[in-house]
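Novice:
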Amino acid sequence: MSKAEDRFKKIIAHCKEYGFIFPSSEIYDGLSAVYDYGQNGAELKNNIKDYWWKSMVQYHENIVGLDAAIFMHPTVWKASGHVDAFNDPLIDNKDSKKRYRADVLIEDHIAKLEEKITKEVSKAAKRFGDSFDEKMFRQTNPRVQANMEKIRAINERFVPAMENGQLDDLKALILELEIACPVSGSRNWTDVRQFNLMFSSQMGSASDGASLVYLRPETAQGIFVNYLNVQKTGRKKLPFGIAQIGKAFRNEIVARQFIFRMREFEQMEMQFFVRPGQEKEWYEYWKEERMRWHLALGIPREMFRIHEHDKLAHYANMAVDIEFDFPFGFKEIEGIHSRTDFDLGAHQKFSGKKLQYFDPETNESYVPYVVETSIGLDRTFLAIVSHAYTEEKLEDGSERVVMNIPPALAPVKIAVLPLLKKDGLPEKGREIFDKLKYDFHCQYEDKDAIGRRYRRQDAIGTPYCITIDHESLENNTVTIRERDSMQQERIPVDQIASIVSKRIDLRPA
Ligand code: ATP
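For the sequence shown, the numbering used here begins at 245 and goes up steadily by one.
Right, here's the structure in full:
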């Protein structure tokens, strides 16, 4: 097992042991690619939602929220293109009987070539030191050039094959690139088939003519069909946005990697409606703004990567992924898409209802263009916990596992810990807890030695532990211990709230 795989396993085990994430219906051996969030996971997830909602809806005057239903009229999914085009190409290996996404097999192959290039570049950077000219090196090094040429040649066939659904071409590419099944090692592949990712169900009883409904595969369509309702009742002028957080469902072909790819997950999406012709400017704006949001959490810039799309979804004219360095490599965490008037135009056509906006500045009516930001809540959760998980060796030779979760998002903000379970310390602790609990999510704990209680709080990422001792009874002071530095300081009880508030504030400076 590689170091990264080992670390990923430990993170998954930690998430379970400390009440962040449990497999769904675990007593029945779980349900594939479905997970439940435990007592600490639910808090962290809510805090991420809250941070996103505030920075989108509250801090932007021209963005409002929405909470649309999961079920929608089935024609919505015809108009959006999901009935016809929300497919993944699947392929089976005849020997291992394992199923793969054909496009992912090819993308992984490209990623390996890219990795070779990156290695070559960093080797040369080390060799040449300060005088290294990366651009020049990439243009002239024969090995880098050869790999770049290979990638170009693959994309030249891969992109049109995906765009036009040419499944035979995808298979031919897999064979020519000699891609082998990671499990069986063989190249004994079936043909590639299209597989629609939407879950469907029946609404109403069969006797009164039940109709087919889908579980929404994205939250965005709930925004599109409500755009005029919001615009009119909210008296919104372009440009304005509608934000929504909600469940989405996809019958993913390959659902591995823990909560990275689930069949039921949550999205935080915002559709920004603009005048046609202004989409490029807003697309650039949202790309930057969303990166800023990620970085405000204190995760280093090098953990993120921007990936411009070569192959565009059926609705987009510009698209970029923000990728995060997960324990299994760089993968998409958020997409920013310029969706043109594709969706509103299609809904106008399929519903027969006008979805135009009258622009008082130009005296024209038109269907707005849309720039979308779409982030997976669960993937953000995974990014945060996988970055936070830290094993530390302490000076006294002992070890601790600490979750360096950004304090603002930590499930518990303050642990109130009387040093002893006697001499009036618990009563004093309760008094402090009861005051703080209205402003912060706190935990009161008086069992076990103080060291063990600190470790338990470190393991769930609690930024502050407050300890009550005999001196507290004399002069109304406590010690406050900071999670990351483990530094302790004695402070008056009435300063606890202001110290913690300052540290967990995520407002832009
Ligand atoms: P991928 O290429 O990884 O399948 P996608 O490009 O289909 O993702 P989008 O349709 O752009 O994803 O969805 C927007 C966001 O929703 C993604 O950036 C991701 O964070 C999240 N997301 C999509 N599918 C899943 C899933 N199966 N499980 C968890 N999150 C998901």
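Virtual Cβ for every residue (Gly too), placed ideally from N, Cα, C.
Along the chain, where does the alpha helix (DSSP H) containing residue 353 start, and where does it finish?
Specialist: Where residue 353 is concerned, the enclosing alpha helix (DSSP H) stretches over 346-372.
Novice: Thinking C-alpha only, which one of 715, 728 and 729 is nearest residue 735?
Specialist: The shortest C-alpha separation from residue 735 is found at 715.
Novice: Would the beta-carbon of residue 618 be found less than 7 angstroms away from any heavy atom of the ligand ATP?
Specialist: Residue 618: yes, Cβ under 7 angstroms from the ligand ATP.
Novice: If you count every other CB in all the chains shown that lies within 10 Å of the CB of residue 575, and 16 or more means buried, which is it?
Specialist: Classification of residue 575: buried, given that the 10 Å Cβ count is 16 or more.
Novice: Leaving out the 5 sequence neighbours to the left and right, which residues in its chain are closer than 8 angstroms to residue 396 when beta-carbon positions are compared?
Specialist: Around residue 396: no qualifying Cβ.
Novice: In chain order, what are the residue ranges of uninterrupted alpha helix (DSSP H) at least 4 long that sit wholly in the segment 369-446?
Specialist: Entirely contained in the segment 369-446, the alpha helix (DSSP H) runs reaching 4 residues are, in chain order, 378-384, 386-407 and 411-420.
Novice: Run the proximity test for residue 622: is its beta-carbon closer than 7 angstroms to any non-hydrogen atom belonging to the ligand ATP?
Specialist: Residue 622: yes, Cβ under 7 angstroms from the ligand ATP.
Novice: Since I believe residue 342 is in contact with residue 427 (beta carbons under 8 angstroms), could you give me their beta-carbon distance rounded to a whole number of angstroms?
Specialist: Going by Cβ atoms, the distance from residue 427 to residue 342 rounds to 5 angstroms, so yes, they are a contact pair.
Novice: Comparing C-alpha positions only, which one of 503, 519 and 567 sits nearest to residue 534?
Specialist: It is 567 whose Cα lies nearest to the Cα of residue 534.
Novice: Using a Cβ distance threshold of 8 angstroms, determine whether the segment 403-422 contacts the segment 298-312, with at least three qualifying pairs required.
Specialist: Contact between the segment 403-422 and the segment 298-312 is absent, because fewer than three Cβ pairs lie under 8 angstroms.
Novice: Distance check for residue 358 and residue 298, CA to CA, integer angstroms please.
Specialist: So the two alpha carbons sit approximately 37 angstroms from each other.
Novice: For residue 348, I'd like the list of residues in its chain whose CB is within less than 8 angstroms of its CB, leaving aside the five on either flank, ordered along the chain.
Specialist: Only 498 meet the Cβ criterion.
Novice: For the candidate residues 704, 642, 729 and 739, whose alpha-carbon lies nearest to that of residue 258?
Specialist: Among 704, 642, 729 and 739, the Cα nearest to that of residue 258 belongs to 704.
Novice: Would you check whether the ligand ATP has a heavy atom nearer than 7 angstroms to the C-beta of residue 583?
Specialist: Outside the cutoff, so no.
Novice: Please confirm whether residue 472 has its beta-carbon closer than 8 angstroms to some beta-carbon of chain B.
Specialist: Looking for chain B here will not work: only one protein chain is present.
Novice: Return the residue from the list 719, 435, 514 and 562 that minimises the CA-CA distance to residue 618.
Specialist: Per the Cα distances, 514.
Novice: Sorry if obvious, but does the Cβ on residue 579 come closer than 7 angstroms to a heavy atom of the ligand ATP?
Specialist: Answer for residue 579: yes, Cβ within range of the ligand ATP.
Novice: Are the CB atoms of residue 520 and residue 610 within a distance shorter than 8 angstroms?
Specialist: Yes, Cβ-Cβ distance for residue 610 and residue 520 is below 8 angstroms.
Novice: Give me whichever residues DSSP pairs with residue 548 in a beta bridge.
Specialist: According to DSSP, which records beta bridges pairwise, residue 548 is partnered with 568.
Novice: Quick one: is the Cβ of residue 406 within less than 7 angstroms of any heavy atom of the ligand ATP?
Specialist: For the ligand ATP, not one heavy atom lies less than 7 angstroms from the Cβ of residue 406.
Novice: State buried or exposed for residue 602, treating a residue as buried only when at least 16 other CB atoms are found within 10 Å of its CB.
Specialist: Its Cβ having fewer than 16 others within 10 Å, residue 602 is exposed.
Novice: In terms of alpha-carbon separation, which member of 632, 249 and 326 lies closest to residue 655?
Specialist: Answer by Cα proximity: 632.
Novice: What separation, rounded to the nearest whole angstrom, lies between the Cα atoms of residue 726 and residue 373?
Specialist: Each residue's alpha carbon lies about 39 angstroms from the other.
Novice: For a test of the three-state rule: what should DSSP assign to residue 562, helix, strand or coil?
Specialist: Of the three classes helix, strand and coil, the one that applies to residue 562 here is strand, per DSSP.
Novice: When DSSP labels each residue in this structure, what does residue 325 get in the three-state scheme?
Specialist: DSSP places residue 325 in coil when its eight states are reduced to three.
Novice: At a cut-off of 7 angstroms, would you count residue 505 as near the ligand ATP, judging by its Cβ distance to the nearest heavy atom?
Specialist: Yes, Cβ of residue 505 sits closer than 7 angstroms to a heavy atom of the ligand ATP.
Novice: Kindly give me the distance between the Cβ atoms of residue 621 and residue 511, rounded to whole angstroms, as I take these residues to be in contact under 8 angstroms.
Specialist: With 8 angstroms as the limit, residue 621 and residue 511 qualify as a contact, their Cβ atoms being about 7 angstroms apart.
Novice: Flag this pair as yes or no: are the beta carbons of residue 694 and residue 711 separated by less than 8 angstroms?
Specialist: It is a contact, given that the beta carbons lie within the stated cut-off.
Novice: So residue 255 and residue 645 are in contact, right, with Cβ under 8 angstroms, and what is the actual spacing, rounded?
Specialist: That belief does not hold up - the Cβ atoms of residue 255 and residue 645 are roughly 10 angstroms apart, past 8 angstroms.
Novice: CB-CB under 7 angstroms to residue 751, same chain, minus the five flanking residues each way: which ones, in chain order?
Specialist: Result list for residue 751: empty, nothing under 7 angstroms.
Novice: If you follow the beta strand (DSSP E) that residue 541 is part of, which residue opens it and which one closes it?
Specialist: Residue 541 -> no beta strand (DSSP E), and no H or E assigned at all.
Novice: Using C-beta distances below 8 angstroms, list every residue in its chain close to residue 345, excluding the 5 sequence neighbours before and after it, in chain order.
Specialist: The residues are 332, 333, 334, 335, 497 and 498.
Novice: For residue 643, does the three-state DSSP call read helix, strand or coil?
Specialist: Residue 643: strand per DSSP, three-state reduction.
Novice: Leaving out five residues before and five after residue 552 in sequence, what residues of the same chain have Cβ atoms less than 7 angstroms from its Cβ?
Specialist: Same-chain partners within the cutoff: 564.
Novice: Just to check, is the beta-carbon of residue 496 closer than 7 angstroms to a non-hydrogen atom of the ligand ATP?
Specialist: Flag set: Cβ of residue 496 near the ligand ATP.
Novice: According to DSSP, is residue 290 part of a helix, a strand, or is it coil?
Specialist: Of the three classes helix, strand and coil, the one that applies to residue 290 here is helix, per DSSP.
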